[in-house]
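Engineer:
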Amino acid sequence: MPLHHRGFHAVLLLISAATCSATSCVVDTRIGCFDDHQGGMYNTSNRVLTGFVYNPNNGQSKVRSQEKCAAICNERGYKLAGLEAMYQCFCGDQLNPAKSTRLPSGCNEPCEGTPQQKCGGYWEMQVINFTCTGPPTGG
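Using the numbering used here, you'd call the opening residue of the sequence shown number 2 and step up by one each time.
Right, dumping it as C-alpha coordinates:
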(Lines of atoms letter the chains of each structure in order from A; the text may use other names.)
(Lines give C-alpha, C1' and ligand atoms only; values in the text may rest on other atoms or scores of the structure.)
Protein backbone atom coordinates (compact mmCIF):
# COMPACT_ATOMS: atom_id res chain seq x y z
CA MET A 2 0.00 0.00 0.00
CA PRO A 3 2.71 2.60 0.80
CA LEU A 4 4.38 2.06 -2.60
CA HIS A 5 1.12 2.64 -4.47
CA HIS A 6 0.44 5.71 -2.34
CA ARG A 7 3.81 7.28 -3.31
CA GLY A 8 3.18 6.62 -6.99
CA PHE A 9 -0.19 8.34 -6.78
CA HIS A 10 1.44 11.52 -5.44
CA ALA A 11 4.07 11.44 -8.18
CA VAL A 12 1.36 11.33 -10.83
CA LEU A 13 -0.40 14.30 -9.25
CA LEU A 14 2.82 16.32 -9.23
CA LEU A 15 3.47 15.58 -12.89
CA ILE A 16 -0.02 16.70 -13.83
CA SER A 17 0.39 19.91 -11.81
CA ALA A 18 3.74 20.72 -13.42
CA ALA A 19 2.35 20.10 -16.91
CA THR A 20 -0.51 22.57 -16.44
CA CYS A 21 1.70 25.53 -15.40
CA SER A 22 2.30 28.05 -18.14
CA ALA A 23 5.72 29.57 -18.73
CA THR A 24 6.47 33.27 -18.97
CA SER A 25 6.12 34.51 -22.52
CA CYS A 26 7.57 37.87 -23.52
CA VAL A 27 7.16 39.91 -26.69
CA VAL A 28 9.05 43.00 -27.76
CA ASP A 29 6.72 46.00 -27.92
CA THR A 30 9.10 48.68 -29.17
CA ARG A 31 12.70 49.02 -30.12
CA ILE A 32 13.54 52.28 -28.37
CA GLY A 33 16.85 52.70 -30.12
CA CYS A 34 20.52 51.94 -30.37
CA PHE A 35 22.71 53.73 -27.83
CA ASP A 36 26.45 54.29 -27.40
CA ASP A 37 27.46 52.32 -24.31
CA HIS A 38 31.22 52.78 -24.70
CA GLN A 39 33.36 53.26 -21.59
CA GLY A 40 30.63 51.80 -19.45
CA GLY A 41 32.89 49.32 -17.75
CA MET A 42 31.80 45.69 -18.03
CA TYR A 43 30.69 45.22 -14.42
CA ASN A 44 29.99 48.82 -13.42
CA THR A 45 26.27 49.14 -14.07
CA SER A 46 26.15 52.79 -12.94
CA ASN A 47 27.91 53.86 -16.15
CA ARG A 48 25.81 51.82 -18.58
CA VAL A 49 22.82 52.87 -20.70
CA LEU A 50 20.60 50.76 -18.42
CA THR A 51 21.81 50.81 -14.83
CA GLY A 52 19.62 48.26 -13.04
CA PHE A 53 21.08 44.82 -13.68
CA VAL A 54 23.60 43.15 -15.95
CA TYR A 55 23.23 39.52 -17.02
CA ASN A 56 26.58 38.57 -18.46
CA PRO A 57 27.76 35.12 -19.54
CA ASN A 58 31.31 36.16 -18.62
CA ASN A 59 30.05 35.78 -15.02
CA GLY A 60 29.20 32.13 -15.64
CA GLN A 61 25.60 32.72 -16.70
CA SER A 62 24.25 31.24 -19.95
CA LYS A 63 24.24 33.42 -23.04
CA VAL A 64 21.12 35.39 -23.89
CA ARG A 65 20.14 34.14 -27.32
CA SER A 66 17.07 36.29 -28.13
CA GLN A 67 15.41 39.60 -27.36
CA GLU A 68 12.56 37.73 -25.66
CA LYS A 69 14.97 35.90 -23.31
CA CYS A 70 16.52 39.22 -22.24
CA ALA A 71 13.02 40.63 -21.71
CA ALA A 72 12.12 37.63 -19.52
CA ILE A 73 15.29 38.10 -17.43
CA CYS A 74 14.48 41.78 -16.88
CA ASN A 75 10.80 41.09 -16.21
CA GLU A 76 11.71 38.51 -13.59
CA ARG A 77 13.71 41.17 -11.76
CA GLY A 78 10.94 43.77 -12.04
CA TYR A 79 12.47 46.05 -14.69
CA LYS A 80 10.60 47.78 -17.53
CA LEU A 81 13.37 48.00 -20.15
CA ALA A 82 15.82 45.49 -21.58
CA GLY A 83 19.03 46.16 -23.47
CA LEU A 84 21.07 43.79 -25.60
CA GLU A 85 24.73 44.21 -26.42
CA ALA A 86 27.52 42.25 -28.10
CA MET A 87 25.18 39.51 -29.42
CA TYR A 88 24.51 37.84 -26.03
CA GLN A 89 24.67 40.28 -23.09
CA CYS A 90 21.51 41.52 -21.36
CA PHE A 91 21.03 44.69 -19.32
CA CYS A 92 17.95 45.83 -17.42
CA GLY A 93 16.60 49.11 -16.08
CA ASP A 94 13.56 51.30 -15.69
CA GLN A 95 14.88 54.30 -17.62
CA LEU A 96 17.80 55.33 -19.80
CA ASN A 97 20.85 56.70 -18.01
CA PRO A 98 20.78 60.44 -18.95
CA ALA A 99 24.59 60.49 -19.17
CA LYS A 100 24.52 57.72 -21.80
CA SER A 101 21.54 58.71 -23.92
CA THR A 102 23.35 59.31 -27.24
CA ARG A 103 21.38 57.53 -29.93
CA LEU A 104 23.38 56.03 -32.75
CA PRO A 105 21.96 56.65 -36.24
CA SER A 106 23.10 53.18 -37.21
CA GLY A 107 24.61 50.25 -35.40
CA CYS A 108 23.29 47.50 -33.14
CA ASN A 109 23.40 45.22 -36.15
CA GLU A 110 24.97 42.13 -34.58
CA PRO A 111 22.66 39.10 -34.78
CA CYS A 112 21.59 37.36 -31.58
CA GLU A 113 23.62 34.18 -31.17
CA GLY A 114 20.58 31.91 -30.94
CA THR A 115 18.16 33.91 -33.07
CA PRO A 116 20.17 35.39 -35.97
CA GLN A 117 17.15 37.11 -37.54
CA GLN A 118 17.02 39.35 -34.43
CA LYS A 119 19.55 42.08 -33.62
CA CYS A 120 21.32 41.99 -30.25
CA GLY A 121 23.28 45.22 -30.18
CA GLY A 122 26.91 45.52 -31.16
CA TYR A 123 30.35 46.23 -29.74
CA TRP A 124 29.62 48.84 -27.00
CA GLU A 125 26.26 49.43 -28.70
CA MET A 126 23.10 48.67 -26.73
CA GLN A 127 19.77 47.92 -28.43
CA VAL A 128 17.12 49.02 -25.90
CA ILE A 129 13.62 47.54 -26.04
CA ASN A 130 10.46 47.62 -24.00
CA PHE A 131 8.36 44.51 -23.68
CA THR A 132 5.26 42.81 -22.36
CA CYS A 133 5.39 39.48 -20.53
CA THR A 134 2.58 37.16 -19.51
CA GLY A 135 2.62 34.13 -17.24
CA PRO A 136 4.63 33.40 -14.11
CA PRO A 137 8.36 34.22 -13.89
CA THR A 138 10.61 31.67 -15.59
CA GLY A 139 13.10 31.39 -12.75
CA GLY A 140 16.12 32.33 -14.64
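Don't be surprised by glycine CBs; every beta carbon is placed ideally from N, CA and C. All figures in this text were calculated on a predicted structure; none of them were measured in a lab.
How about Phe35 and Glu110: do their beta carbons lie closer than 9 Å?
Structural biologist: Result no, Cβ atoms of Phe35 and Glu110 do not sit closer than 9 Å.
Engineer: What separation, rounded to the nearest whole angstrom, lies between the Cα atoms of Met87 and Lys80?
Structural biologist: Between Met87 and Lys80, the C-alpha separation is close to 21 Å.
Engineer: Let me know if Gly121 comes out buried or exposed under the rule of 16 or more other beta-carbons within 10 Å of its beta-carbon.
Structural biologist: Buried is the call here.
Engineer: To the nearest angstrom, how far is it from the Cα of Thr134 to the Cα of Lys63?
Structural biologist: Roughly 22 Å separates the two Cα atoms.
Engineer: Checking 9 Å against the spacing of the C-beta atoms, do Asp37 and Gly83 come in under that value?
Structural biologist: It is a contact, given that the beta carbons lie within the stated cut-off.
Engineer: Give the straight-line distance between the Cα atoms of Tyr55 and Cys92, rounded to the nearest whole angstrom.
Structural biologist: So the alpha carbons of these two residues sit roughly 8 Å apart.
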